[in-house]
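Chains as they are written, first to last, in this note's numbering: chain A, 146 to 365; chain B, 1284 to 1609. Everything on this sheet refers to the single structure shown next.
Pasting the structure below:
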């Protein structure tokens, strides 16, 4: 096999940058929306401080829809919504919309699961000491389960990297697009291998950073 | 200090309701160490949750320092909570905060400035004997040390009342004794009123000066410890000073079980009794322990069958002893 370093050198950095752009922005939206959503799912669940069967049922239903759709279908199905938000359905910025929509419910459920691990006694103690709901959420719930939330975020970011490759193939650009347009369509196996290596490196780095951070924050 | 009047808590269940607390009336004086005992299912946990205002009572009043907890608004309640510090069986420290930061938590939420907070935390840790462990995380502390941190945290806002829910039930006997000594010491130094809910009679014996017995959601007995012990119906004497089961009764003997406190009765009553009635007395079983600085004892005396017990019982009662069974 011939290694065409010139082509790889020209295409790979741009594709990598586009992937990081898509995943990075989508991660920001996933945290900004998924974290509060996970907290609300937890707080409104049975026995929660804001226990509300209807709110919890509706949110749970919506989250489950988001999670049950395969990403490739979700991505195509919400193209009109993506156009509405970004103005186009092509390019890395447009890909951020379906990526976020796909990852938010996933992350929200992971946040909810982490919060469930917290002993109810700690919440009682916080209430007895006169904490407001906001203080309970920020100082007790989120802080105590932060290692679990970070682990969940790591899993979500890795899922986003995988989604981003799919988004790439339908016009999002990035490493997925490069692998398909060159490696698959033009039989440039060297480009294919190079993209795979870069993706593996990115995933490994994300996992390592996530693990180190979670361990540092966990004092249990 | 604390008055509970006609406190009632009813939990609805499928096809009916469960009455967890049925008209509880209780008076706890300032500076008391008040024990609430009772078997599981008697309503102890419900009483704690109502006192801590984690559950709203169905009816009745909880009055702390002339303030009615049951009718305050949520906002006022949050402030009123600072008057009550709570100590939990499982401590419930935040695991990702150091001991010092845990003690600091109630000060943070009360809006105490950082510098004052730091000073107060150091004081509190010293008060519970953990001055040098402020930087440790709960996972690095022993069970007894964690409970000390829990107590320091409960005292942070200078509460009038320390509400302790089974504070030593997860600890070994030595650590239990240390924690109870600490609680007593804190009451003496700070004048804080302490309510201890427990199923451990040894806790009552070691620290409480007042006690209430909760049975099936009602207060069956309550009052100064020695008075409740003196009431044979309360069963407190036999619970605090259990005697070994009677062996095969010796033919021709009858047993009398008596309870005495050195505060009320002469310690030499057995020999006085023997001399006065010219009888032989066998001690079949005995348990004597220090309670509130007195020695409190329970004895099963064996008398000859021929002897008429009535004047003996009368004499013992005159001496201030509590006679259970003749």
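Even glycine gets a Cβ: it sits at the ideal position worked out from N, Cα and C. Please read all numbers here as calculations on a predicted model, not as lab measurements.
Do residue i and residue j have their C-beta atoms closer together than 8 angstroms?
{"i": "residue 269 of chain A", "j": "residue 1604 of chain B", "result": "no"}
{"i": "residue 1315 of chain B", "j": "residue 1446 of chain B", "result": "no"}
{"i": "residue 1525 of chain B", "j": "residue 1479 of chain B", "result": "no"}
{"i": "residue 1572 of chain B", "j": "residue 1583 of chain B", "result": "no"}
{"i": "residue 1548 of chain B", "j": "residue 1509 of chain B", "result": "no"}
{"i": "residue 1342 of chain B", "j": "residue 1288 of chain B", "result": "no"}
{"i": "residue 306 of chain A", "j": "residue 347 of chain A", "result": "yes"}
{"i": "residue 259 of chain A", "j": "residue 293 of chain A", "result": "yes"}
{"i": "residue 1382 of chain B", "j": "residue 1424 of chain B", "result": "yes"}
{"i": "residue 317 of chain A", "j": "residue 225 of chain A", "result": "no"}
{"i": "residue 1300 of chain B", "j": "residue 365 of chain A", "result": "no"}
{"i": "residue 1444 of chain B", "j": "residue 1476 of chain B", "result": "yes"}
{"i": "residue 312 of chain A", "j": "residue 243 of chain A", "result": "yes"}
{"i": "residue 1344 of chain B", "j": "residue 1355 of chain B", "result": "no"}
{"i": "residue 193 of chain A", "j": "residue 219 of chain A", "result": "no"}
{"i": "residue 369 of chain A", "j": "residue 206 of chain A", "result": "Outside the modelled stretch of chain A, which goes from 146 to 365, sits residue 369 of chain A, for which no answer is possible."}
{"i": "residue 350 of chain A", "j": "residue 295 of chain A", "result": "no"}
{"i": "residue 1439 of chain B", "j": "residue 1407 of chain B", "result": "yes"}
{"i": "residue 285 of chain A", "j": "residue 271 of chain A", "result": "yes"}
Take residue i and list the residues in its own chain whose beta-carbon comes closer than 6 angstroms to its own, dropping the five residues that flank it on each side.
{"i": "residue 239 of chain A", "result": "227, 231, 233"}
{"i": "residue 179 of chain A", "result": "249, 252, 253"}
{"i": "residue 1473 of chain B", "result": "none"}
{"i": "residue 152 of chain A", "result": "none"}
{"i": "residue 265 of chain A", "result": "none"}
{"i": "residue 1507 of chain B", "result": "1493"}
{"i": "residue 1367 of chain B", "result": "1442, 1444, 1446"}
{"i": "residue 1312 of chain B", "result": "1284"}
Residues in the same chain with beta-carbon distance under 7 angstroms from residue i, minus the five sequence neighbours each way, listed in chain order, please.
{"i": "residue 191 of chain A", "result": "none"}
{"i": "residue 1609 of chain B", "result": "In this prediction, residue 1609 of chain B scores a pLDDT of 49, lower than 50, which makes its location untrustworthy; the coordinate-derived value is nonetheless stated afterwards. Excluding sequence neighbours, residue 1609 of chain B sits near 1539, 1592, 1596."}
{"i": "residue 1376 of chain B", "result": "1385, 1421, 1429, 1432, 1433"}
{"i": "residue 1688 of chain B", "result": "Chain B is shown from 1284 up to 1609; residue 1688 of chain B falls before or after that span and cannot be answered."}
{"i": "residue 1602 of chain B", "result": "1548, 1549, 1552"}
Roughly how far, in whole angstroms, is the beta-carbon of residue i from the beta-carbon of residue j, given that I think they are within contact range, below 8 angstroms?
{"i": "residue 212 of chain A", "j": "residue 250 of chain A", "result": "5 angstroms"}
{"i": "residue 1501 of chain B", "j": "residue 1319 of chain B", "result": "Actually they do not touch by this definition, with Cβ atoms about 12 angstroms apart."}
{"i": "residue 1309 of chain B", "j": "residue 1505 of chain B", "result": "6 angstroms"}
{"i": "residue 1404 of chain B", "j": "residue 1387 of chain B", "result": "5 angstroms"}
{"i": "residue 1586 of chain B", "j": "residue 1536 of chain B", "result": "7 angstroms"}
{"i": "residue 1359 of chain B", "j": "residue 1497 of chain B", "result": "At roughly 29 angstroms, the Cβ-Cβ gap does not stay under 8 angstroms, so residue 1359 of chain B and residue 1497 of chain B are not in contact."}
{"i": "residue 1487 of chain B", "j": "residue 1523 of chain B", "result": "7 angstroms"}
{"i": "residue 299 of chain A", "j": "residue 352 of chain A", "result": "6 angstroms"}
{"i": "residue 1331 of chain B", "j": "residue 1448 of chain B", "result": "5 angstroms"}
Thinking C-alpha only, which one of the options is nearest residue i?
{"i": "residue 1369 of chain B", "options": "B/1569, B/1414, B/1550, B/1442", "result": "B/1442"}
{"i": "residue 303 of chain A", "options": "A/242, A/318, A/252", "result": "A/252"}
{"i": "residue 1580 of chain B", "options": "B/1541, B/1607, B/1410, B/1556", "result": "B/1541"}
{"i": "residue 1261 of chain B", "options": "B/1355, B/1588, B/1518, B/1557", "result": "The displayed coordinates of chain B run from 1284 to 1609. Any statement about residue 1261 of chain B would go beyond what the structure contains."}
{"i": "residue 203 of chain A", "options": "A/355, A/330, A/229, A/189", "result": "A/189"}
{"i": "residue 174 of chain A", "options": "A/147, A/299, A/216, A/241", "result": "A/241"}
{"i": "residue 359 of chain A", "options": "A/301, A/297, A/155, A/345", "result": "A/297"}
{"i": "residue 1322 of chain B", "options": "B/1481, B/1466, B/1360, B/1557", "result": "B/1481"}
{"i": "residue 1285 of chain B", "options": "B/1416, B/1590, B/1317", "result": "B/1317"}
{"i": "residue 235 of chain A", "options": "A/341, A/336, A/319, A/335", "result": "A/319"}
{"i": "residue 1589 of chain B", "options": "B/1564, B/1313, B/1576", "result": "B/1564"}
{"i": "residue 380 of chain A", "options": "A/350, A/357, A/339, A/355", "result": "Any question about residue 380 of chain A goes unanswered here, given that chain A covers just 146 to 365."}
{"i": "residue 1483 of chain B", "options": "B/1528, B/1499, B/1456, B/1471", "result": "B/1456"}
{"i": "residue 1577 of chain B", "options": "B/1349, B/1298, B/1546", "result": "B/1546"}
{"i": "residue 1574 of chain B", "options": "B/1600, B/1554, B/1520, B/1380", "result": "B/1520"}
{"i": "residue 1516 of chain B", "options": "B/1503, B/1527, B/1528", "result": "B/1503"}
{"i": "residue 355 of chain A", "options": "A/301, A/344, A/333", "result": "A/301"}
With a threshold of 8 angstroms on Cβ separation, who are the neighbours of residue i within its own chain once the five nearest residues in sequence on each side are excluded?
{"i": "residue 254 of chain A", "result": "183, 186, 208, 212"}
{"i": "residue 1594 of chain B", "result": "1560"}
{"i": "residue 156 of chain A", "result": "323, 327, 336"}
{"i": "residue 329 of chain A", "result": "337"}
{"i": "residue 147 of chain A", "result": "335"}
{"i": "residue 223 of chain A", "result": "242, 243, 246"}
{"i": "residue 263 of chain A", "result": "285, 286, 289, 290"}
Comparing the CB of residue i with every heavy atom of the ligand NAP, is any distance shorter than 7 angstroms?
{"i": "residue 1548 of chain B", "result": "This structure simply doesn't include the ligand NAP, nor any ligand for that matter."}
Legend entry - Cβ contact check for the segment 1420 to 1434 of chain B and the segment 1452 to 1471 of chain B: 3 or more pairs under 8 angstroms: Segments in contact, yes.
Legend entry - Three or more C-beta pairs below 8 angstroms linking the segment 274 to 283 of chain A and the segment 1384 to 1394 of chain B: Taking 8 angstroms as the limit for Cβ pairs, the verdict is that the segment 1384 to 1394 of chain B does touch the segment 274 to 283 of chain A.
Legend entry - Given 8 angstroms, three or more beta-carbon pairs between the segment 318 to 334 of chain A and the segment 153 to 164 of chain A: The segment 318 to 334 of chain A vs the segment 153 to 164 of chain A: in contact.
Inset, instruction - Count the CB pairs spanning the segment 1291 to 1302 of chain B and the segment 1487 to 1494 of chain B that are closer than 8 angstroms, and state whether there are at least three. - result: The segment 1291 to 1302 of chain B is not in contact with the segment 1487 to 1494 of chain B.
Inset, instruction - Check whether the segment 1398 to 1409 of chain B touches the segment 287 to 297 of chain A, taking contact to mean three or more Cβ pairs, one atom from each stretch, closer than 8 angstroms. - result: Output reads no: the segment 287 to 297 of chain A does not touch the segment 1398 to 1409 of chain B.
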